[in-house]
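Report on the following structure.
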Amino acid sequence: MEILNRVLACSALAFALAWSASARAHCDTLDGPVVAAARSALDSGNASGVLMWVQKKDEGEIRSALKRALAVRKAGGEARSLADSYFFETLVRVHRAGEGAPYTGLKPGGSVEPAVAAADKAIETGRVQGLAKLIAERTERGLHEHFMQVIAKKKYDPNDVNAGRAYSSAYVEFVHYAERLYEAADTLAPDAAETAPGHRH
419 MEILNRVLAC SALAFALAWS ASARAHCDTL DGPVVAAARS ALDSGNASGV
469 LMWVQKKDEG EIRSALKRAL AVRKAGGEAR SLADSYFFET LVRVHRAGEG
519 APYTGLKPGG SVEPAVAAAD KAIETGRVQG LAKLIAERTE RGLHEHFMQV
569 IAKKKYDPND VNAGRAYSSA YVEFVHYAER LYEAADTLAP DAAETAPGHR
619 H
């Protein structure tokens with residue numbers, strides 16, 4: 419039982435880390451919404467559009483960074499480019515710190531996960547069907563692959579401990595993969611969760 423609990427804990431931790439890395443991958447790209455907001459602020463000189471991406475306690479730092487960037491931009495040429503990069507990096511760094519994520523530099527455009535790109539497209543077009551299809555296909559493929567691993571190892575010699583462990587590992591991975599998918603699918607958006615009957619805080 420102790421070994422099984424360790425396996426389950428490691429599985430859950432690995433999933434949490436993978437999900438966390440994926441979920442935070444979009445905000446540090448040059449074509450992500452945070453940098454897009456930064457570009458608009460630099461063009462308009464108005465910080466209001468970027469403050470939504472940082473915590474209230476960090477507003478002063480972002481306003482100050484924008485003010486400095488705008489002053490340097492006036493020199494034009496390379497100075498303008500450097501000022502823009504400085505503001506992009508400052509905003510993204512502060513934004514990620516607010517999420518509890520490390521800042522590892524700005525990533526080039528086009529480096530977004532398919533699901534994130536599809537989610538952005540859904541918001542842009544007002545149609546979620548493409549995103550739903552992408553997720554459904556990947557989910558079905560993942561379930562099928564995990565399931566086949568279990569079935570392939572199900573018939574083992576009871577005296578073969580290694581074969582038994584291989585089946586046990588595949589079983590745990592399959593069941594908890596299904597459980598994670600089910601729980602993720604049942605997650606409500608923050609506003610909806612607050613008003614949902616029987617919602618647990």
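Residue numbers (the working numbering): 419 to 619. We put the CB at the ideal spot given by N, CA and C, even for glycine.
A direct Cα-Cα distance of roughly 35 Å separates G560 from V512. Minimum Cα-Cα distance from Y521 among the listed residues T447, A602, A596 corresponds to T447.
Contact between the region 554-570 and the region 487-495 is absent: fewer than three C-beta pairs spanning the two stretches fall below 8 Å. Taking C-beta separations shorter than 8 Å and ignoring five residues to either side along the sequence, the partners of I480 in its chain run A465, V468, L469, V472, T508, L509, V512, following chain order. When secondary structure is reduced to three states using DSSP, T557 falls in the helix class.
One Cα belongs to V579, the other to A533, and the distance between them is close to 40 Å. Ranked by Cα distance from K571, the options R598, A588, L549, P526 are led by A588. T522 is bridged by DSSP to nothing; it lacks a bridge partner.
The residues L599, in chain order, have a CB closer than 7 Å to that of T557 in the same chain once the five nearest residues on each side in sequence are set aside. For the options T543, A537, E542, the alpha carbon positioned closest to that of A550 is the one of A537. Closest by C-alpha distance to A554, out of Q567, V568, A603, is A603. Under DSSP, no beta-bridge partner is assigned to T543. With a contact defined as Cβ atoms closer than 8 Å, A459 and L484 qualify at about 6 Å. For the pair A455 and F505, the Cα-to-Cα distance works out to about 11 Å. According to DSSP, residue pairing for T447 in a beta bridge involves K525. Secondary structure at T508: helix, using DSSP grouped into helix, strand and coil.
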